[in-house]
């Protein structure tokens with residue numbers, strides 16, 4: 004009899020907890036959809052400030068603006084964490100054309116890849132050899148590559164439902180294409196934009212020369228997908244055409260910048276820290292609304308939603324807007340270094356860096372016990388059509404926090420439209436839908452709420 | 004022992020069926036994403052033809068164009084089914100302003116509701132009374148309404164995750180507002196656009212005078228959400244302002260039109276008919292890309308995908324592009340009448356009429372046994388992030404086919420952006436994403452494939 008009472012009491016407690024979770028989550032979604040502030044903040048970040056490349060004036064303006072926003076939220080503490088960032092500048096607009104016969108030219112849209120060296124001052128003109136990704140270089144060999152421009156034209160695979168998988172399948176030609184092609188004596192590289200659709204926007208993004216000596220570094224640019232199709236077709240008709248491009252980007256000395264941080268102190272376990280964040284820097288071609296203005300305003304909105312719904316966190320919840328994800332990850336690395344130095348205990352970190360589209364769920368980088376705890380919360384998310392709970396990656400900026408005792412997570416929005424805009428001039432505010440952005444913020448807040456309420460499962464190590 | 008063998012055999016058969024279903028569905032998605040034709044067809048329908056209001060030249064062009072497309076698919080039969088449709092024309096552009104003092108005016112964007120009468124030739128100017136939906140009329144009574152324009156300003160509820168629920172919550176003020184307000188002596192009605200966002204597009208849509216005598220019918224127009232906010236704010240400052248609007252829309256005699264139909268004859272059960280469709284007519288303000296050009300091209304794509312993947316249906320699969328969903332439903336009614344007359348046996352019908360956005364699942368109007376069969380297929384859809392299988396409505400055009408022996412279904416795409424465009428001038432091609440459209444077509448085809456393979460569960464009646 005006493006046992007039965009105990010079981011009933013336990014069930015009743017669980018039911019009450021379930022109901023209070025349901026209520027709190029409903030309150031979070033309602034507040035986000037009725038009074039959401041993120042869209043307005045993003046409007047300012049995108050339309051009043053614009054693209055925020057590390058070391059730029061705009062990046063500094065974004066630091067100041069988001070600190071102001073955080074100051075207005077009534078958090079327990081807001082501060083700037085110094086970060087030394089690389090500074091690469093694009094210079095004057097790039098220019099390129101195909102020359103099928105002397106004087107017969109077709110202009111094509113290109114943009115320098117982030118980190119690339121310039122072409123010679125007057126531009127670079129050479130014959131072109133097309134390869135289907137880095138793996139195509141070896142078969143051609145030095146004989147067919149030397150003195151030429153290598154055209155990496157491996158397209159993103161349209162058959163993956165998760166478009167990030169297709170991105171991973173060919174991002175290496177952008178990141179390492181120049182370093183690899185230089186080994187065969189190439190004089191420059193042109194890379195098909197990482198975009199699943201045919202259009203006229205070239206997509207930039209980080210590249211690295213690895214250990215290529217400075218004097219052997221060759222310029223690298225992205226060409227729009229329509230441009231890539233034109234170049235490929237023209238090469239099939241006449242392999243002897245010339246390609247010309249000119250860019251005068253360069254690397255300047257490292258610059259001073261900041262991560263922007265705000266926190267609500269935990270009432271019960273103030274030393275257990277939970278991070279939610281995105282990256283404040285962006286590429287320079289568009290205004291970085293999806294990548295990653297969206298993630299920044301959603302992360303600030305998480306703390307606002309907790310306060311607006313009257314929730315008092317038991318653990319310390321910290322929003323971190325990381326600087327320099329795109330070309331260096333210095334913000335993420337610095338944050339983790341400082342945390343280690345101070346002996347801070349991070350138990351959970353969530354990043355939103357996949358666009359401000361309708362949220363579908365999360366992916367988790369954690370042990371099985373913690374993942375099982377998350378799966379137990381699935382039904383709480385069902386009314387909001389959040390259905391995707393996978394093990395996998397989390398986010399670049401929170402990656403350096405990884406250890407055996409932390410749960411890392413990444414918001415997973417619908418990915419179909421992301422690469423239409425990623426790193427291109429059309430990553431702009433009008434392509435973000437207010438409700439989709441707000442649903443993402445509410446979904447993140449709900450997960451933060453649950454981890455705050457139930458904590459993480461201690462590591463068995 | 005013999006029993007064990009039988010069980011093993013059964014399990015092996017089921018496993019093989021499961022594998023062949025997985026393979027066929029994978030083939031369908033790959034074909035849709037690599038060689039999809041729907042986006043190109045929609046480009047023509049939207050950009051070469053445009054808005055397709057029933058009885059218009061464009062509606063007739065759309066009939067001819069989609070018949071041509073079907074003719075090119077190598078179907079077993081393609082035909083036009085005559086449908087008599089109502090013909091309402093908008094006339095010259097509508098015009099409206101608020102007049103806070105004589106001569107002090109603010110123009111606001113409006114559009115006539117479909118089916119409305121015109122204002123007097125010189126326009127209509129009157130005082131305004133604001134109500135929060137039809138339910139607000141009674142409290143005001145004839146005394147406060149007579150001689151005035153009723154301004155229905157009930158907004159869509161932003162807290163519903165499914166935006167169609169919010170639409171249902173206030174569509175009555177658009178559909179019946181004029182008939183109801185006329186009972187209290189109103190001289191005209193202005194209705195807040197059914198849009199969750201604040202912008203400058205007025206959204207049209209069907210309205211009905213019910214049994215209001217012709218001489219008592221009053222003109223009805225929609226005002227953009229920004230216009231509605233302005234009007235409401237101004238009324239709070241000064242309840243005595245005038246509102247002026249002018250529209251010269253009218254009803255012409257019924258016109259001849261068609262449903263466009265194509266079919267693949269079933270190899271084993273040719274008399275079991277499965278329908279997939281959308282509606283070919285649209286409103287006239289935009290080009291009807293989401294509503295419902297998307298559903299039309301997806302439905303044609305279903306038959307193309309079946310053929311392209313080498314699948315030979317056991318049952319007859321028919322694509323039906325219905326005419327006149329928006330202001331009459333004559334196509335849907337005619338189709339069902341003709342089917343009944345010919346004694347055709349329809350076992351399944353699927354409609355896509357909720358936009359060309361990322362598909363999330365289906366809703367079903369059927370008995371529990373058939374719904375259970377569908378739930379058994381859920382895991383086949385998981386790799387494609389299709390997770391929503393609800394009981395509920397299906398589609399307006401296939402509704403007239405309803406009986407105890409048919410399964411009705413509606414595609415359920417992500418609904419967040421739908422009402423930004425619905426019935427407005429910005430329902431245009433550039434707001435449709437190619438991959439999202441293609442994923443919808445593949446999802447529909449996969450469901451059709453499963454129903455063709457396994458049939459429906461016979462009614463227990």
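Residue numbers (our numbering), protein chains in the order written: chain P, 4 to 464; chain Y, 4 to 464.
For each residue, glycine too, the CB sits at the ideal point set by N, CA and C.
Bear in mind the structure is a predicted one, so any value in this text is a computation, not a measurement.
Asked: Cβ contact (3+ pairs, closer than 8 Å) linking the segment 57-67 of chain Y and the segment 175-195 of chain Y; Found: no
Asked: Where residue 419/P meets chain Y, residues with beta-carbon distance less than 8 Å; Found: 361, 436, 438, 439, 442
Asked: Near-chain Y residues of the segment 142-174 of chain P - C-beta to any C-beta below 7 Å; Found: 161, 162, 164
Asked: Beta carbon proximity, residue 204/P to chain Y, threshold 9 Å; Found: no
Asked: Segment contact flag, the segment 451-464 of chain P with the segment 207-217 of chain Y, C-beta cutoff 8 Å, min 3 pairs; Found: no
Asked: Any alpha helix (DSSP H) of 4 or more consecutive residues that is wholly inside the segment 328-402 of chain P; Found: 333-345, 371-378, 381-384
Asked: Distance, residue 289/P Cα to residue 409/Y Cα; Found: 51 Å
Asked: Continuous beta strand (DSSP E) stretch holding residue 280/P: start and end; Found: 272-282
Asked: Chain-ordered residues of the segment 10-40 of chain P with a beta carbon less than 8 Å from chain Y; Found: 32, 33, 36, 37
Asked: Cβ distance (whole Å) where residue 358/P is taken to contact residue 297/P below 8 Å; Found: 6 Å
Asked: 9 Å Cβ cutoff, residue 423/Y in contact with chain P; Found: yes
Asked: Beta-carbon proximity check, residue 307/Y vs residue 9/Y, cutoff 9 Å; Found: no
Asked: Other residues of its chain near residue 120/Y: CB distance less than 6 Å, five sequence neighbours each side excluded; Found: 220, 222
Asked: Cα-Cα separation between residue 278/P and residue 291/P, rounded to whole angstroms; Found: 22 Å
Asked: Selection from 352/P, 194/P, 164/P, 240/P that minimises the alpha carbon distance to residue 318/P; Found: 352/P
Asked: Supposed close pair residue 115/Y, residue 250/Y - CB separation, criterion 8 Å; Found: 4 Å
Asked: Paired residues, beta bridge with residue 80/Y - DSSP; Found: 266/Y
Asked: Distance, residue 316/P Cα to residue 78/P Cα; Found: 12 Å
Asked: Members of the segment 181-200 of chain P near chain Y, C-beta cut-off 7 Å; Found: 199, 200
Asked: Cβ of residue 387/Y within 9 Å of any chain P Cβ; Found: yes
Asked: Pairwise C-alpha distance: residue 282/P and residue 7/P; Found: 52 Å
Asked: Proximity below 9 Å, CB of residue 202/Y to CB of residue 228/Y; Found: yes
Asked: Residue 19/P classed as buried or exposed, judged by whether at least 16 other C-beta atoms fall within 10 angstroms; Found: exposed
Asked: Neighbour flag for residue 349/P against chain Y, beta carbons, 9 Å; Found: no
Asked: Residues bridged to residue 415/P (per DSSP); Found: 364/P
Asked: Three-pair Cβ contact test at 8 Å for the segment 101-116 of chain Y versus the segment 137-145 of chain Y; Found: no
Asked: Opposing strand residues paired with residue 102/Y [DSSP bridges]; Found: 108/Y, 245/Y
Asked: Distance, residue 159/Y Cα to residue 248/Y Cα; Found: 24 Å
Asked: 9 Å Cβ cutoff met for residue 56/P and residue 368/P; Found: no
Asked: Among 428/P, 440/P, 273/P, nearest to residue 414/P - alpha-carbon criterion; Found: 440/P
Asked: Residues of its chain near residue 373/P, where Cβ-Cβ distance is below 6 Å and the 5 sequence neighbours each way are ignored; Found: 410, 459, 460
Asked: Min CB distance residue 414/Y to chain P below 9 Å; Found: no
Asked: Among 30/P, 12/P, 29/P, 73/P, the one whose alpha carbon lies nearest that of residue 299/P; Found: 73/P
Asked: Exposure label - residue 371/Y; buried when at least 16 CB within 10 Å; Found: exposed
Asked: Residues near residue 49/P by beta carbon distance below 6 Å, same chain, minus five either side; Found: 290, 292, 296, 432
Asked: Close-in-space but distant-in-sequence residues of the same chain around residue 165/P (CB under 8 Å, 5 per side omitted); Found: 418
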